[in-house]
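Visitor: According to our numbering, the sequence shown is numbered sequentially starting from 1157. Glycine included, every Cβ here is placed at the ideal spot set by N, Cα and C.
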Amino acid sequence: MEQTLAIKIERLQGQLTELGAVNRAPDGSCRRVALTDADAMGRDLVRSWMRDLGLTIHIDRIGNVIGIRGGQSEGRPVMTGSHVDTVATGGLYDGAYGVLAGLEAIRVLNEVGLKTQRPLAVAFFTNEEGVRFQPDMMGSLVYAGGLSVEEALATKAEDGSVLRDELSRIGYAGTMPCGEIQPHAYVELHIEQGPVLHTAGEALAAVDFLQGISWQKVTITGVSNHAGTTPMRLRHDAGYCAGQIAAFVRALATRMGGAQVGTVGSIQLQPNLVNVIARKAIVTIDLRNTNDGLLAEAEREVRVFLADLARTEGVTIESVRTAQSPSVAFDVHIIETIERSAKRLGYKSIRRMTSGAGHDAQMLARICPTAMIFVPSVDGVSHNPREFTEPVHLAIGANVLLQTLVELANE
Ligand SMILES: [Zn+2]
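1. Please state whether the Cβ-Cβ distance between ALA1551 and ILE1213 is less than 8 angstroms.
2. Going by beta carbon distance, what residues of the same chain come within less than 8 angstroms of ILE1347, once the five residues before and after it are set aside?
3. Skipping 5 residues on each side, what residues in its chain have a beta carbon closer than 7 angstroms to that of PRO1547?
4. Could you check what DSSP says for VAL1548 in three-state terms: helix, strand or coil?
5. Check this for me: beta carbons of LEU1360 and MET1519, under 8 angstroms apart or not?
6. Short check: CB of ILE1523 to CB of ILE1337, under 8 angstroms?
7. Could you pull the DSSP bridge partners for ILE1347 from this structure?
8. Please state whether the Cβ-Cβ distance between ALA1554 and ILE1218 is less than 8 angstroms.
9. Could you give the first and the last residue of the continuous alpha helix (DSSP H) run that contains GLN1171?
10. Would you kindly work out how many angstroms separate the C-alpha atoms of VAL1439 and ARG1406, rounded to a whole number?
11. If you follow the alpha helix (DSSP H) that ASN1266 is part of, which residue opens it and which one closes it?
12. Write down every uninterrupted run of the alpha helix (DSSP H) in the segment 1295-1324 whose length is 4 residues or greater and which is fully enclosed by it, in chain order.
13. Can you give me the Cβ contacts of THR1375 inside the same chain, cut-off strictly under 6 angstroms, excluding the 5 residues immediately before and after it?
14. When you compare only the Cα positions, how much space is there between THR1245 and GLU1314?
15. Buried or exposed for ARG1411, going by 16 or more other Cβ atoms inside 10 Å?
16. Tell me whether GLY1251, by its Cβ, gets closer than 7 angstroms to a heavy atom of ligand 1.
17. Is SER1296 near ligand 1, with its Cβ less than 7 angstroms from a heavy atom?
18. Confirm, please, whether the CB-CB distance from LEU1309 to ARG1320 is below 8 angstroms.
19. Measure how close the beta-carbons of MET1206 and LEU1259 come, nearest whole angstrom, since I'm counting them as under 8 angstroms.
20. Starting from the C-beta of ALA1498, find all residues in its chain whose C-beta is less than 7 angstroms away, skip the five residues before and the five after it, and write them out in chain order.
21. Tell me, please, which residues DSSP counts as bridged to VAL1439.
22. With three or more C-beta pairs closer than 8 angstroms as the rule, is the segment 1277-1296 touching the segment 1473-1487?
23. Could you give the distance in angstroms between the alpha-carbon of PRO1339 and the alpha-carbon of ILE1262?
24. May I ask you to list the residues that DSSP assigns as paired with ILE1215?
25. Once DSSP output is grouped into helix, strand and coil, what is the label at PHE1602?
26. Looking only at C-alpha atoms, which of SER1483, ALA1341, ASP1208, LEU1175 sits nearest to LEU1450?
27. Alpha carbon to alpha carbon, how far is GLY1210 from VAL1278? Give it in angstroms, no decimals.
28. What would DSSP say about ARG1507, mapped onto helix, strand or coil?
29. Count the other CB atoms within 10 Å of the CB of MET1157; is the residue buried (16 or more) or exposed (fewer)?
30. Compute every distance between the C-beta of SER1185 and the non-hydrogen atoms of ligand 1, then say whether any falls below 7 angstroms.
31. For GLY1327, is the classification buried or exposed, using 16 other Cβ atoms within 10 angstroms of its Cβ as the cut-off for buried?
32. Over the uninterrupted beta strand (DSSP E) stretch that includes PRO1365, give me the two end residues.
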């Protein structure tokens, strides 16, 4: 029975394109930053598709949306999903692919009238990207009990807006307690967002591990002064310190080698003028490693460096942690179910791989058996309007998801 099930790629592509068209920029970027009007429009569209499929829709207090398809018996649903928010320069597939492939799987089951034992659920989680409000993966983190809903609702954006107000404003302040629907299992389908599968010419992977992530925001306060008249030895230059930090993070990751990566992705200077020594700099640091011990060591080295820099440059440096999630080993049973599903579809042995990016699945793994499916990203490009996955790979991933959901819901 299950072998004959197949998704229709035109429908999936059609919905990806339609969702991607919401607030699309002239350069092709998808711009549905969490809790903006564009995010609301995207959410409304996906919710209308959930309604069309006859799903029972729940919205929880942090704005996560969960559509349920009843099973032959009640009980915990097998859940799939991802996110529909994007970065400001996002592509068509990051997040949206997992959610819309989940809906396509439901559509196929509706058409053939196949009712699984357990209910099925398709969810999209609030603020996965963490662009405006931090931490990222916030909706799933709250869902899994890793952050209190009150604390999350009180989060402030750089622009001063409060998450609670924005959630109400866009109409997604739901009433269901977060995490009330406990999944039997969670499977997330996502584009790889890296070059591994594309380079190897492979169509699919089961994700068995996700690396640990540490974010901090560093504020350096120095002294503003004239760029022409202030002798070099008398400067307390926040801009110079920001540059030193960026160079240190790069050198640290290179020196540690292995799986360590480090990025300074944002530097804001004040007053940010050509002839004025910067009074203040705000620098972000993103550190990741598959080994939590090594990641902690990288954090420690940064701490020591910042303390030394503050002393030698006569500036104040304060650091606030904005996100931290340890590495996650996904569930072997779910991984094997993905592998069996791939095999049924003719993919004899698929790669198991580690995710370099954070995903909602890492939060769900705290409360139920969880794993992920990756499909290739052409040239590994993501968070970019050039993000692209071949339709044939979109179809394979969605079909493996469909098979996996049915098997898990009937076990
Ligand atoms: Zn994503």
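Guide: Walking through what the data contain:
1. At the C-beta level, ALA1551 and ILE1213 stay beyond 8 angstroms of one another.
2. Only residues of its own chain outside the window of five on either side were considered, and among them TYR1249, ASP1250, TYR1253, PHE1530, VAL1531, PRO1532, SER1533, SER1538, GLU1543, THR1545 have a CB closer than 8 angstroms to the CB of ILE1347, listed in chain order.
3. Closer than 7 angstroms at Cβ, skipping near neighbours: ILE1165, GLN1169.
4. Residue state, collapsed to three classes: helix.
5. Remark: C-beta atoms of LEU1360 and MET1519 do not approach each other more closely than 8 angstroms.
6. Inclusion of ILE1523 and ILE1337 in the CB contact set at 8 angstroms is not warranted, their separation being larger than that value.
7. Beta-bridge analysis with DSSP links ILE1347 to VAL1531.
8. Not a contact, by the Cβ cut-off of 8 angstroms.
9. Run containing GLN1171: 1165-1176, per the alpha helix (DSSP H) assignment.
10. Their backbone Cα atoms lie some 14 angstroms apart in a straight line.
11. First-last of the alpha helix (DSSP H) with ASN1266: 1252-1268.
12. Taken in chain order, the unbroken stretches of alpha helix (DSSP H) that lie wholly in the segment 1295-1324 and span 4 residues or more are 1305-1309.
13. Non-local C-beta neighbours of THR1375 in its own chain, meaning closer than 6 angstroms and more than five positions away in sequence, comprise ILE1438, GLU1474, ordered along the chain.
14. Going from the Cα of THR1245 to the Cα of GLU1314 covers about 18 angstroms.
15. By the neighbour-count rule (16 or more Cβ atoms within 10 Å), ARG1411 is not buried but exposed.
16. Indeed, a heavy atom of ligand 1 lies less than 7 angstroms from the Cβ.
17. Not under cutoff, so the answer is no.
18. In contact: ARG1320 and LEU1309 (Cβ atoms closer than 8 angstroms).
19. Here MET1206 really is in contact with LEU1259; their C-beta atoms are around 7 angstroms apart, less than 8 angstroms.
20. In its chain, beyond the 5 residues on either side, LEU1360, ILE1506, VAL1556 have a beta carbon closer than 7 angstroms to the beta carbon of ALA1498.
21. VAL1374, ILE1423.
22. Segments in contact, yes.
23. Approximately 17 angstroms between the Cα atoms of the pair.
24. Answer by DSSP bridge pairing, in chain order: VAL1221.
25. What is shown of the chain runs 1157 to 1567, which leaves residue 1602 out entirely.
26. If you compare the alpha carbons of SER1483, ALA1341, ASP1208, LEU1175 with that of LEU1450, the shortest gap goes to SER1483.
27. Between VAL1278 and GLY1210, the C-alpha separation is close to 12 angstroms.
28. In the structure shown, ARG1507 sits in a strand (DSSP, three-state: E or B).
29. Any answer about MET1157 is weak, because its pLDDT of 46 lies below 50 and its placement is not dependable; what the coordinates show is given next. So MET1157 counts as exposed.
30. Flag unset: Cβ of SER1185 not near ligand 1.
31. Flag for GLY1327 reads exposed.
32. The amino acid at residue 1365 is misidentified as Pro; the sequence shows Phe. Here the beta strand (DSSP E) through PHE1365 covers 1361-1366.
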